[in-house]
Amino acid sequence: MDGLLISAQCNLHFSDYFPEKVNIHIKYIPESVSVTEASSVTLICLVYQHDSHLGALRWFRETEDGKEAHFYSESPKDGMKNDPRVVGKQEDNREYFNFTITINGVMPQDSGKYYCHKYKKVVSSKGEERLLSGVGTTLTVDALPFRPPTVTLKPPVVILQPYQEVRGFQNEKVTLHCFVSAGIVNGIMRWYRITSSRQEYIYSAMDTSSEKIDPRVRRTDHHYVDIDWSITIEDLTLMDNGMYFCELDDGFEEKHQVVVGGGTRLIVEEPHREAELTTEAMTTTPPLPRCNEHAVPWPICDEMLSSTGVGILSKSISEFGFNVYRILKDTLKEPNVVFSPLSIAIALSNLLLGTRGETLSVLNKALNYPKHFTCVHQEMGNLIQSDSNLLIASAIYYHSGLKLHDFFLEQSKEYYGVAMPLTNDMAENVQLINKWVAEKTQNKITHLVNEIMASAEMLLLNAIYFKGKWKVKFQEDETKPKTFMRFGQSSKKTVLVPMMEHDKYPLALIHSRALNAKVARFRLSNESSLVLILPNVLSPTALSQVQSKLKTEDFLDMVKQLNKEDESDVIVSIPKLNLNTKTDLKSVLEKLGLSDLFSSPNLCGMSSENGLLVSDASHQAVIELHENGVEAAGSTSISLSRTVYTFEAHRPFMFVLWDDRHGLPVFMGHVTDPSYGQVFL
Numbered sequence: 010m011d012g013l014l015i016s017a018q019c020n021l022h023f024s025d026y027f028p029e030k031v032n033i034h035i036k037y038i039p040e041s042v043s044v045t046e047a048s049s050v051t052l053i054c055l056v057y058q059h060d061s062h063l064g065a066l067r068w069f070r071e072t073e074d075g076k077e078a079h080f081y082s083e084s085p086k087d088g089m090k091n092d093p094r095v096v097g098k099q100e101d102n103r104e105y106f107n108f109t110i111t112i113n114g115v116m117p118q119d120s121g122k123y124y125c126h127k128y129k130k131v132v133s134s135k136g137e138e139r140l141l142s143g144v145g146t147t148l149t150v151d152a153l154p155f156r157p158p159t160v161t162l163k164p165p166v167v168i169l170q171p172y173q174e175v176r177g178f179q180n181e182k183v184t185l186h187c188f189v190s191a192g193i194v195n196g197i198m199r200w201y202r203i204t205s206s207r208q209e210y211i212y213s214a215m216d217t218s219s220e221k222i223d224p225r226v227r228r229t230d231h232h233y234v235d236i237d238w239s240i241t242i243e244d245l246t247l248m249d250n251g252m253y254f255c256e257l258d259d260g261f262e263e264k265h266q267v268v269v270g271g272g273t274r275l276i277v278e279e280p281h282r283e284a285e286l287t288t289e290a291m292t293t294t295p296p297l298p299r300c301n302e303h304a305v306p307w308p309i310c311d312e313m314l315s316s317t318g319v320g321i322l323s324k325s326i327s328e329f330g331f332n333v334y335r336i337l338k339d340t341l342k343e344p345n346v347v348f349s350p351l352s353i354a355i356a357l358s359n360l361l362l363g364t365r366g367e368t369l370s371v372l373n374k375a376l377n378y379p380k381h382f383t384c385v386h387q388e389m390g391n392l393i394q395s396d397s398n399l400l401i402a403s404a405i406y407y408h409s410g411l412k413l414h415d416f417f418l419e420q421s422k423e424y425y426g427v428a429m430p431l432t433n434d435m436a437e438n439v440q441l442i443n444k445w446v447a448e449k450t451q452n453k454i455t456h457l458v459n460e461i462m463a464s465a466e467m468l469l470l471n472a473i474y475f476k477g478k479w480k481v482k483f484q485e486d487e488t489k490p491k492t493f494m495r496f497g498q499s500s501k502k503t504v505l506v507p508m509m510e511h512d513k514y515p516l517a518l519i520h521s522r523a524l525n526a527k528v529a530r531f532r533l534s535n536e537s538s539l540v541l542i543l544p545n546v547l548s549p550t551a552l553s554q555v556q557s558k559l560k561t562e563d564f565l566d567m568v569k570q571l572n573k574e575d576e577s578d579v580i581v582s583i584p585k586l587n588l589n590t591k592t593d594l595k596s597v598l599e600k601l602g603l604s605d606l607f608s609s610p611n612l613c614g615m616s617s618e619n620g621l622l623v624s625d626a627s628h629q630a631v632i633e634l635h636e637n638g639v640e641a642a643g644s645t646s647i648s649l650s651r652t653v654y655t656f657e658a659h660r661p662f663m664f665v666l667w668d669d670r671h672g673l674p675v676f677m678g679h680v681t682d683p684s685y686g687q688v689f690l
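Here this note's numbering = 1-based position in the sequence shown + 9.
What follows is the structure in structure tokens.
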């Protein structure tokens, strides 16, 4: 038996036959076009043919050496990457097939020849071959009249300000966003506006008389001081129209360096005049669609922010985990609690992909993500793919009659997994879901749901399975029944449970005066650890006092301290455990302020249909602590500076299974009665 087992719970259709003779030609609109730097340009490709579903369409760009590089397609093949600034649109008219692309934030280096290639399907390893290209479109991008030179700073600092257009109204305010990849140590953050002939600074982080700033401009309220440099402009005027850039200037060296963002085009409009309402006007003016401006894909992530994204995800999931734990410890009646903050965060982040408006803001806040953190899904997807300790499967099950946006299905599949339709048979749905969970958790969780209502529109499900081993194993013949002190409603205050023991276990062990508790880190395989927090006081309220005092920042500081500590040989005695907790996630989310998800959420990024809401959300976690490990004892160095040499968990304690690689909690919980509902093996 293993040492530590933990689990929780625009495509084109190809034809197989392609005629040898096809009446087909490609037309480009325009065949040549000139635009100014930082603007947008639209290239149109019209394919005239009898059968518009004979193969894929892909845009390519001619490179300097005369070759062609993939630029954009709706379904890029392996190895192909879309330019993140491009928005594509396909439309099938009876006479032709329209494949239009819009390139935002063009630069002089984008100048060149662009081709729209038509492919046909073939029976080979490639699966397709080029059929026709046409003459192509020539794009010329003229540089702005004035723009300061951009020199790359020493890594890892980069500016995240992908080109976008922002609209505002006269006399109102607007926010322009800019993020950096790391804290600013020796540098000045500024914002400036491009006029017809010069740049005009409007904000500077350095308050000096030499820095001319606009008094209407202030730094926006933000979550993370060191990365968010967004600004808010008050009392807009029509003169504020133009391109805005944020820059980082190291400024302290003789040859100072500057990094500049991609720019934001601000469009200021006059406020809508209130027309005199008449009965006729009120009855003939159609209302705006329910999902007006919200039925759009999640914004593209700038890959340069990846290093910062991991840190944001770590801190956010840690804070989210402790918030959920505070709810569960007060609401669950069982003596033992185990849940997965990571598992729940993955499920909610998948849902976040389809939320818009106020629902997005509230869910984003509950997950402790910073505002406008567009890279959350890419970072979550990278985490899911990279952690060899975890087998993670996330799914949204939805009513088969519900029409979800294609872009949501594609993005959900890319980052989290395939969204799957339910059948019309309730019993079959229960069997389908429980089978899926069992497969994904290697049969550690086999029964997640008991029933599914016929009216269910959407279910959030997530399964996570962790299989780790102690770095240093416990000997099975050393496991013996020992007394565990429990403080519950039972009249019997002690219980005999199997205790795994070791007289020279290598531990990083510290004493927290603030918590009045010992904190031990047991190293596990594949860059993970089990952190146990054991109160020093033997009393019914000792654990609850630790729980009430322990804050997220306190725990993160303890992890840092444990990482610095040398391991010492410690006398260890901890209970052999089999914990299993099923959580009504719906009630937890309601206590987090997310009741709207189950009543009237804005899920326009998922579907434009009326009445869509989350029907239910389920979570189950299982933890098993047994003896086996991967290393023999005595393989670690001994520190003689220790004063604490015993760690005996014979009373209630907290635990966190910590992902050392990504710096976040995979599982959390507490134990007050190891014997509860268990049959020890």
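C-beta: ideal position from N, C-alpha, C; glycine also.
Taking the alpha-carbon positions, what's the residue i to residue j distance?
i           : j           : result
residue 480 : residue 575 : 15 Å
residue 8   : residue 578 : Any answer about residue 8 is impossible in this case: the structure gives the chain only from 10 up to 690.
residue 615 : residue 547 : 52 Å
residue 9   : residue 375 : Nothing about residue 9 can be reported from this structure: the residues present for the chain run from 10 to 690 only.
residue 655 : residue 459 : 44 Å
residue 336 : residue 466 : 27 Å
residue 279 : residue 321 : 38 Å
residue 391 : residue 424 : 8 Å
residue 502 : residue 493 : 9 Å
residue 149 : residue 359 : 40 Å
residue 461 : residue 345 : 27 Å
residue 367 : residue 136 : 44 Å
residue 436 : residue 446 : 16 Å
residue 549 : residue 559 : 17 Å
residue 681 : residue 586 : 11 Å
residue 97  : residue 342 : 53 Å
residue 676 : residue 42  : 56 Å
residue 193 : residue 256 : Annotation note: pLDDT 47 at residue 193 (below 50); position unreliable, coordinate value reported separately. One C-alpha to the other measures close to 12 Å.
residue 84  : residue 387 : 18 Å
residue 284 : residue 249 : Residue confidence is low: residue 284 scores 43 on pLDDT, short of 50, so the model does not pin down where it sits. Its coordinate-derived value is still stated next. Their backbone Cα atoms lie some 26 Å apart in a straight line.
residue 312 : residue 242 : Note that residue 312 scores a pLDDT of 49, beneath 50, so its modelled location is shaky and nothing firm can be said.
Which of the three DSSP states is assigned to residue i in this structure?
i           : result
residue 381 : coil
residue 528 : strand
residue 350 : helix
residue 213 : strand
residue 366 : helix
residue 207 : coil
residue 637 : coil
residue 177 : strand
residue 452 : coil
residue 667 : strand
residue 340 : helix
residue 407 : strand
Between residue i and residue j, which are expected to be in contact by the criterion C-beta below 8 Å, what is the C-beta distance as a whole number of angstroms?
i           : j           : result
residue 273 : residue 169 : That pair is no contact at about 12 Å.
residue 333 : residue 590 : No, residue 333 and residue 590 are not in contact; Cβ-Cβ is about 12 Å, not under 8 Å.
residue 128 : residue 64  : 4 Å
residue 47  : residue 172 : 7 Å
residue 724 : residue 181 : The chain is shown only over 10 to 690; residue 724 falls outside these bounds and no answer can be derived.
residue 598 : residue 364 : No, residue 598 and residue 364 are not in contact; Cβ-Cβ is about 13 Å, not under 8 Å.
residue 35  : residue 143 : 4 Å
residue 361 : residue 673 : Wrong, their Cβ atoms sit about 17 Å apart, outside the cutoff.
residue 77  : residue 70  : 7 Å
Where DSSP assigns a beta bridge to residue i, which residues make up the other side?
i           : result
residue 515 : 578
residue 227 : 241
residue 150 : 44
residue 255 : 200
residue 139 : 128
residue 273 : 173 and 253
residue 591 : 629
residue 655 : 580
residue 678 : 347 and 664
residue 542 : 528 and 663
residue 510 : 582
Any beta strand (DSSP E) of 3 or more consecutive residues that is wholly inside the region 458–501 | 467–477 and 489–494
Where in the region 45–128 do unbroken runs of the beta strand (DSSP E), each at least 3 residues long, occur, reported from the N-terminal end onward?
-> 50–57, 66–71, 77–82, 95–101 and 106–112
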